[in-house]
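Asks:
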Amino acid sequence: MAPKETPKMKQRPIVRLGILIISHSVVVSVICCISGVVALLLLPILAKNTYISENALMPGSANPMLSDQDVGEANKLVNALLDLKSEPISSGRVSTLVAEFISDLGAEVGYHKFYPESNQFHPLHFFSLPDSGSLQENVNCSMYGINVIGIARAPQGDGKEAVVLVTPYNSENADLSDALSIGLTYSVFSLLTQVTWLAKDIIWLVADSRYGEYSSVSAWLRDYQRPVFGASLILDSDTCDGGSRPYDLDNFMTCGKLIDNFKRAGTMAAALVVKVTEKSEPFVDTLNLYSEASNGQMPNLDLINIVNYLAVHRQGLHVKVKKLIPLLNAKWLNVLADILETVGVIVRRLNPQWKFGIPAAEYIDGTATLASSLYYQALGIPTGPHGAFRDYQVDAVTLEFSPYSLRKGRHKEFLLRGSRLIEGVIRSVNNLLEKFHQSFFLYLLTSPGRFVSVGVYMIPFILLVAPLPVMAASLYMNIFDFGPNTETGQLAVSPRSVTWLDAAKMVLIVHFWGSIVSLLPYCICQMDFSTPTMNLAIWSMLSALCFLLLCLVLGLHFNQTEKAKWVVLKSATLSAVFIGLCLMSVVNFATAEIGALLLVPLCLMIHPLKINPNMGTLVNFSRMALNFILLSMAFPPVSFFLLRGAVYGFHGIDIGDFWMWVESLWAWNSATYLYITMIHLPCWVLCLHILLHAR
Amino acid sequence: MPKEILEYWPHLSAIGVGASVTLPGLGGDIHGQYINMSLDPIDWPMNGPFSSTLGIRSALNCGLSKVEEKFTEELLLKPLPDRKVLAHFHFESTAPRTQYYGRHHHLFPKAIAQLVQKFSIREMELSFTQGRWEYESWGGYDPISSSSAKPPGVELWAVFDVPVDQVDASWKNLTHSLSGLFCASINFLESSTTYSAPELAFHPASVNLRYGTLPREAVCTENLTPWLKLLPCRDKSGISSLLDRPSIYRGFYHSQRLRLRHVKIRADAPDSDTVLEQTLTVVLQPNGIRSKESHSSKRKLHPTWSMSSLFGRKIEGRCALAKSSNVYLQLERDLVAEMKRLKEKRKIFDISVLNEDLIENPAFEISIKPDLVLREVLSSQTESSSLTYEYSIGKSASPNTFDLSFTWKSPVAWSCRKPPLRASRFLMGSGNERGTIAISLRSMGPDEGLNVSDMDKERCVLPVNIFQVVPWYIKVYFHTLKVFIDEKPMSVLDAVEKIHISPSEDKVSPGVMEMVLKLPCGVKSATITLEFDKGFLHIDEYPPDANQGFDIPSAIITFPNIEASIYFDQEITLKDLPLLSSFQEKNPIRYYTEVLLVPLTTPDFSMPYNVITITCTVFALYFGSLLNVLRRRVSEEERLHNAKGKSGPLSRLIAKLRRSKEIQPQSTTTSSSLFSSKLILKIIMVAAIAICWQYLSG
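So the protein sequences, as listed, match chains C and A. Note that my numbering has the first sequence beginning at 1, numbered continuously upward. Note that my numbering has the second sequence beginning at 696, numbered continuously upward.
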């Protein structure tokens, strides 16, 4: 791409193509950006129907064996749990009752005592699993939960693999839905203790969700996957009193020694989290699927496929995945859907074999689901207890049943349908000889039965990101076009390489500042201020202070008058944004996609506020306005509130909410937090710097 | 030579079977006649008539009564605490080392005798197992569990009577022979990466020992049939006729074992006898479908069973060739104690006097009265001893069919004798990079295990042998060995008495760790951990279904100082009962841990095409541009460009075409926009034509 080539010499076609593209960078940028957004909007149309990729799964090939008898047994447990609720002291009784029921089935029972981990920011622990040795410092002895674990061993299996069933259960404040979820799993588990076809062991974890569903499951998984030897003794004797065990567990202590013995089975093949909610749906029993784990990781698509297939085609449940409800009523989306539908009709008239375009309602639905899929993946926070499993490379999904009514008489029917579904899924996973590997891991769902695979959803991102290097190169090459025009003629004083070095230094310093900003909340948390608003104010003040200090120390000049400077700076910024977004797309694609939507237009458009006399006032004015709008929209707090307002409405917005949101991001070790502070914010500051450039 | 022998083998077996059919009515003293019958026609074609008769005569002169092959069949039934029934079949053939039969045998399977002879096997054990032995509910302290509880899949070990340098060759040949004999992939044990030579922690310690396992080998009837063929009566008569395939493979545990050893019957005998022990251990559920109601009550009645309900068959008389044919019913110590307790309770109401042998008792009823009751001899008088009822087939009241049934009358709960320490092995960590193997030993409670007085507890030491084989792609770092006793970290030197490690060599040999731990007697828990890295395999080395993961074979944990043996009060009768006398042997308690599944990095096998394509593309681009650069000479090109019209018609045409194009790019740099607008126009035109064509054609 060297510009100084003899024009006489014929260059190689690839170089010529590069030069051609760079020389038309504006056109290319506009086309790419627009087509990127269009391609993103077309994703629901390009979504494919899901299919079961692994042949060994064979979902629904066997008739369900679960009978009314199992459900009757489960109903007994539900009633017993509901009776317990009326008793005054029931917190520890629930686990013993469940344990009794499990041991009556002939399965192994174990208890797991855990201390919930308070979420704390460990700045150096990103992407690494929490070290179980470190958590002992902040353990509150009076706060502990007890999980009950039941294990059904496969009669003829070799015990190498296991399937995990999880039922979160709030033992302090239990209601009908909690009891039903235990009953649902119990009926499946009781069947599985008797069947002969089992090849993998079944672990049933009744997770004590007093301190959150996620923390109990993750505590159990931590002790399962990476136990610490020589530590539990210290924990029990030194920090915590040995006598703090509940009264009713002492019985078990004396007779069975169950609490000391951590029960294990083999390598986990898959996990299902079963929940029942009271949110009743109209007319039909509904199944909500949650699958997003930390940092946008998803379980293998086959797991979702078998759940969806069995729920829809065998049990007649209505399957739903999360969608952004406000999008359903958005005007612009309706119009767009109608346009796409008509385009689809025209295309089909051209050639009936082209399957382009879907009905408007379906498109709106797909877009809302896709948007929520993108949003929750981008957030990087797991949407349920299944997220804990993904941290250990176990495929897991949460099945949340919402029955259309929870009247007394309907319990059995609901239990039968739900447990037959779980039985079918377990039977399928049991058939699986290998671990899940056949289907997609990188995908976005547009409905429970349709998905966009990585090959398709990469296209909008690539289109959005592609103009960045082109624009950077073109700006860099065109410095000479600006240079001689400057009246001072400083070209001789600052050759291009020096200008370039200055710009690179600027970019690096701002990114360094970004990493300092990302560490500031840790200090703020140590200081322990009361309100989130206060915390946010301190954070922003400290950040600004740091910035000023850095500028003073490292000597950044804000009043550069040379025109070439801002052009080179813009070029460097563009490169930095490009590198940052590409890196982020590897870590968490959805974050990079949303980030690109916000940053790319801003970075491409940014121009100093100074009016250019060569252009018309209208052009100048519109450019300034556009710059302002884009800049304010890309500022993280503003974009957060805008998104929030668009989804939930603008009333009742508190400034402190942003702090809460950021806090939740770092508490869950989300890479999005790093992206915001180390890529997005520095680039935004650089853009601001260019905008306020004097010349 | 073997081929020649094999040719005659079917001949002999056919005669042998024919003879055995005629035998039952005649009684037991027919052996000599039978041998003559079967041997005469065989030796004719081999050595000529005279030599053969001479040979037999000389053998007869040596003493017919002394050299006698022996076969016994036995079955032990035992109710288990978790409502299941253990059936342990034990067949034993003994062949004296003698020249009397030449190369042939009367009862002893010829195939095995040839193996023994050819590979000079001193001792060998081969087991095929499906399912897991539940040490906690089926027992871990008795002779059956320590000898017949085996790891899933195939386990083979053998001791050879050859010089040390020939052991590996013998082992390799042996694996192939056994593979053919038992229709199993034992030949995979040939590769040096699969077998090891334990020296310290495995029981019959010897330099000539080789040990190998195949954890993933599936076991089915195709392995059972050749095993049955080794029996003189096969499964046609006698106790082995109970082996109905569907019922025994429906069980929870199925282990078929073959053990060869050399035993000196008398101390002064010059040669030792070859003993072939064939056992089949199955754990069955009496009623096929577990009834629901039984679970609801805490103290539940155990299911009633009989031999016909367990196996679907009855014993129709004994195998005519068997010297003894016995069925035993064993009641465990704890069960006997429980019965006695129950009796004490009942005594208040029931005045009937109860005898010690518990044949009549309030809890269960046995359909047939035993011929003999054997009581265990215990050192301490406080415990009640286990009981074994003996039934000899053919001698009992109804000689034709034998169907023992066991009826429970009142609910009894008991527990079996658990192993001194409960071992479990598990993997720690996740991901495809590294992990940790942990072996944890836990005591089963204060009342179980070792009976050591408090005074001794301070200096008493419990040695535990651990033998662990790790495949080479699990790269264990032995320096990371950590030992925790009672949750406290211990230094390895303090806790380990002896250790023998042979690190793995990539694609050559597995890693072997043998260690003798010395644990204090009152130990509650002990854990050892070893860290490992996961290696990479060559694409050819992946087995089918590679995505399942890779197996680490079971670790063997032995308690050398604790013996699992049962001593009986009637010593004299035991001589002819190999199963019961094997109970009296001093065998240490052996415990197999679980097989572990390690997920390794697995390539995407379904994408070779993509890999080929991408590699080819990269190569083409690289070499294309490289050649282009190397070939190109700038000045030459220019000269060629200037010298027009000297070439052939084709190049002239190209030049003509090119000329028209080259006018614009050479004129100005700004012309590229013009060029592109032209290009865009062209593209639009082509697109329009394509759409029109599509529209018209569609």
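For glycine and all other residues, C-beta sits at the position ideal for the given N, C-alpha and C.
Under 8 Å, with one C-beta from each stretch per pair, do the stretch 1029 to 1041 of chain A and the stretch 777 to 791 of chain A reach the 3-pair mark?
Replies: Too few Cβ pairs lie closer than 8 Å, so no.
Asks: Please give the ranges of any alpha helix (DSSP H) in the stretch 402 to 448 of chain C, keeping only runs that are unbroken, at least 4 residues long and fully inside the region.
Replies: Listed in chain order, the complete alpha helix (DSSP H) runs (minimum 4 residues) inside the stretch 402 to 448 of chain C are 411 to 431.
Asks: Identify the contact partners of His437 (chain C) in chain A, using a Cβ-Cβ distance below 9 Å as the criterion.
Replies: Reading the first sequence from its first residue, position 437 is the one you call residue 437 (chain C). Chain A residues near His437 (chain C): Asn1242, Thr1297 and Asp1299.
Asks: Taking only three categories from DSSP, how would you classify Leu1232 (chain A)?
Replies: Taking the second sequence and counting its residues from 1, the one referred to as residue 1232 (chain A) is at position 537. Of the three classes helix, strand and coil, the one that applies to Leu1232 (chain A) here is coil, per DSSP.
Asks: Can the beta-carbon of Ile22 (chain C) be found less than 8 Å from the beta-carbon of Tyr309 (chain C)?
Replies: By 1-based counting over the first sequence, the position of residue 22 (chain C) is 22. By 1-based counting over the first sequence, the position of residue 309 (chain C) is 309. Contact flag unset, no.
Asks: Less than 8 Å between the beta carbons of Ser294 (chain C) and Ile381 (chain C), yes or no?
Replies: By one-based count along the first sequence, residue 294 (chain C) stands at place 294. By one-based count along the first sequence, residue 381 (chain C) stands at place 381. Yes; because the gap between Cβ atoms is below 8 Å, this pair is in contact.
Asks: Along chain C, in chain order, which residues have C-beta atoms closer than 7 Å to that of Leu1275 (chain A)?
Replies: Numbered from 1 along the second sequence, position 580 holds the residue referred to as residue 1275 (chain A). Chain C residues near Leu1275 (chain A): none, gap ~30 Å exceeds 7 Å.
Asks: Could you give the first and the last residue of the continuous beta strand (DSSP E) run that contains Gly344 (chain C)?
Replies: Stepping through the first sequence from its first residue, residue 344 (chain C) is reached at position 344. No beta strand (DSSP E) holds Gly344 (chain C); the alpha helix (DSSP H) holding it covers Lys331 to Leu350.
Asks: Short check: CB of Phe1227 (chain A) to CB of Gly1130 (chain A), under 8 Å?
Replies: Within the second sequence, residue 1227 (chain A) is the residue found at index 532, counting from 1. Within the second sequence, residue 1130 (chain A) is the residue found at index 435, counting from 1. Yes, Cβ-Cβ distance for Phe1227 (chain A) and Gly1130 (chain A) is below 8 Å.
Asks: In the DSSP assignment, the beta strand (DSSP E) including Thr531 (chain C) goes from what residue to what residue?
Replies: As a first step, residue 531 (chain C) is located in the first sequence; it is residue number 531 there, counting from the start. Unbroken run through Thr531 (chain C): none, as it is neither H nor E.
Asks: Go through the stretch 901 to 935 of chain A residue by residue and report every complete run of the beta strand (DSSP E) that reaches 3 residues or more, in order.
Replies: Complete beta strand (DSSP E) runs here, min 3: 904 to 909.
Asks: For Ala808 (chain A), which of helix, strand or coil comes out of DSSP?
Replies: Taking the second sequence and counting its residues from 1, the one referred to as residue 808 (chain A) is at position 113. Here Ala808 (chain A) sits in helix by DSSP.
Asks: Can you tell me where the alpha helix (DSSP H) holding Thr369 (chain C) begins and where it ends?
Replies: Sequence index remark: in the first sequence, residue 369 (chain C) carries index 369 (1-based). Counting along the chain, the alpha helix (DSSP H) containing Thr369 (chain C) begins and ends at Ala360 to Leu379.
Asks: When the Cβ atoms of the stretch 817 to 824 of chain A are set against those of the stretch 900 to 915 of chain A, are three or more pairs found closer than 8 Å?
Replies: As far as the Cβ criterion goes, the stretch 817 to 824 of chain A touches the stretch 900 to 915 of chain A, which means the pair count is three or higher.
Asks: Tell me, please, whether the CB atom of Gly1319 (chain A) is closer than 8 Å to any CB atom in chain C?
Replies: For the purposes of this step, residue 1319 (chain A) is taken as residue 624 along the second sequence, with counting starting at 1. It does not; no Cβ of chain C falls within 8 Å.
Asks: Which residues in chain A have a C-beta closer than 9 Å to the C-beta of Glu699 (chain C)? List them in chain order.
Replies: Residue coverage of chain C in this structure runs from 1 to 695, which leaves residue 699 (chain C) outside it and unanswerable.
Asks: Going by C-alpha distance, which of A:His1195, A:Gly1124 and A:Thr1253 is nearest Leu1157 (chain A)?
Replies: Your numbering for residue 1157 (chain A) matches position 462 in the second sequence. Nearest of A:His1195, A:Gly1124 and A:Thr1253 to Leu1157 (chain A), Cα basis: A:Thr1253.
Asks: Could you check which residue in A:Ser886, A:Asn1160 and A:Leu909 has the C-alpha nearest to that of Ala1118 (chain A)?
Replies: Taking the first residue of the second sequence as position 1, residue 1118 (chain A) is located at position 423. Selected option, being the one with the closest Cα: A:Asn1160.
Asks: With DSSP run on the structure shown, which of helix, strand or coil describes Ile1251 (chain A)?
Replies: For the purposes of this step, residue 1251 (chain A) is taken as residue 556 along the second sequence, with counting starting at 1. Reduced to three states, the DSSP call for Ile1251 (chain A) is strand.
Asks: Would you list the residues sitting across from Met819 (chain A) in a DSSP beta bridge?
Replies: Stepping through the second sequence from its first residue, residue 819 (chain A) is reached at position 124. For Met819 (chain A), which the question treats as bridged, DSSP gives the partners A:Ala853 and A:Leu955.
Asks: At what residues does the alpha helix (DSSP H) containing Arg314 (chain C) begin and finish?
Replies: Against the first sequence, residue 314 (chain C) aligns to sequence position 314. No alpha helix (DSSP H) holds Arg314 (chain C); DSSP gives it neither H nor E.
Asks: What number of angstroms, rounded off, separates the C-alpha of Ser1197 (chain A) from the C-alpha of Pro893 (chain A)?
Replies: In the second sequence, counting from the first residue as 1, residue 1197 (chain A) sits at position 502. In the second sequence, counting from the first residue as 1, residue 893 (chain A) sits at position 198. Going from the Cα of Ser1197 (chain A) to the Cα of Pro893 (chain A) covers about 10 Å.
Asks: Starting from the beta carbon of Asn83 (chain C), find every residue of chain A whose beta carbon is closer than 8 Å, and list them in chain order.
Replies: Stepping through the first sequence from its first residue, residue 83 (chain C) is reached at position 83. The residue you asked about is not Asn; residue 83 (chain C) is Asp in the sequence shown. Within 8 Å Cβ-Cβ: nothing; Asp83 (chain C) doesn't reach chain A, min ~17 Å.
Asks: Go ahead and label Lys765 (chain A) buried or exposed: buried means 16 or more other beta carbons lie within 10 angstroms of its beta carbon, across all protein chains shown.
Replies: As a working mapping, residue 765 (chain A) is identified with position 70 in the second sequence. With 16 or more other Cβ atoms within 10 Å, it is buried.
Asks: I need the boundaries of the beta strand (DSSP E) containing Met1185 (chain A), first residue and last residue.
Replies: Working through the second sequence from its first residue, we reach residue 1185 (chain A) at position 490. First-last of the beta strand (DSSP E) with Met1185 (chain A): Lys1183 to Met1185.
Asks: Determine whether the Cβ of Thr1222 (chain A) lies closer than 8 Å to any Cβ atom of chain C.
Replies: Taking the second sequence and counting its residues from 1, the one referred to as residue 1222 (chain A) is at position 527. Yes, because at least one Cβ of chain C sits closer than 8 Å to the Cβ of Thr1222 (chain A).
Asks: Identify whether Arg12 (chain C) lies in helix, strand or coil by the three-state DSSP scheme.
Replies: Here residue 12 (chain C) corresponds to residue number 12 of the first sequence, with the count starting at 1. Reduced to three states, the DSSP call for Arg12 (chain C) is coil.
Asks: Quick check on Asp1246 (chain A): does DSSP put it in helix, strand or coil?
Replies: To locate residue 1246 (chain A), count along the second sequence from 1; it is residue 551. In this structure, Asp1246 (chain A) counts as strand in the three-state DSSP scheme.
Asks: Under a Cβ-count criterion, where at least 16 other Cβ atoms within 10 Å of its own Cβ denotes burial, should Gly110 (chain C) be classed as buried or exposed?
Replies: Against the first sequence, residue 110 (chain C) aligns to sequence position 110. Gly110 (chain C) is buried by the Cβ-count criterion.
Asks: Taking 8 Å as the cut-off, decide whether the C-beta atoms of Tyr457 (chain C) and Phe283 (chain C) are in contact.
Replies: One-based indexing of the first sequence puts residue 457 (chain C) at position 457. One-based indexing of the first sequence puts residue 283 (chain C) at position 283. No. Outside cutoff.
Asks: Once DSSP output is grouped into helix, strand and coil, what is the label at Met298 (chain C)?
Replies: Here residue 298 (chain C) is taken as the residue at index 298 of the first sequence, counted from 1. Three-state DSSP puts Met298 (chain C) in coil, outside helix and strand.
Asks: Could you name the residues of chain C that Ser1371 (chain A) contacts, counting a contact when the two beta carbons are closer than 8 Å?
Replies: As a working mapping, residue 1371 (chain A) is identified with position 676 in the second sequence. Under the 8 Å cutoff, chain C gives Leu20 and His24.
Asks: Look at the Cβ atom of Thr446 (chain C), then the Cβ atom of Gly366 (chain C), and state whether they are nearer than 8 Å.
Replies: Within the first sequence, the letter at position 446 stands for residue 446 (chain C). Within the first sequence, the letter at position 366 stands for residue 366 (chain C). It is a contact, given that the beta carbons lie within the stated cut-off.
Asks: If contact is defined by three or more beta carbon pairs under 8 Å, each pair taking one atom from either stretch, is the stretch 782 to 791 of chain A in contact with the stretch 821 to 830 of chain A?
Replies: Contact fails: fewer than three Cβ-Cβ distances are below 8 Å.
Asks: Taking 8 Å as the threshold (beta carbon to beta carbon), is Gln825 (chain A) in contact with chain D?
Replies: Among the chains of the structure shown, chain D does not appear; the protein chains present are C and A.
Asks: Touching or not, the stretch 196 to 206 of chain C and the stretch 155 to 165 of chain C, by the rule of three or more beta carbon pairs under 8 Å?
Replies: Yes: at least three Cβ pairs fall under 8 Å.
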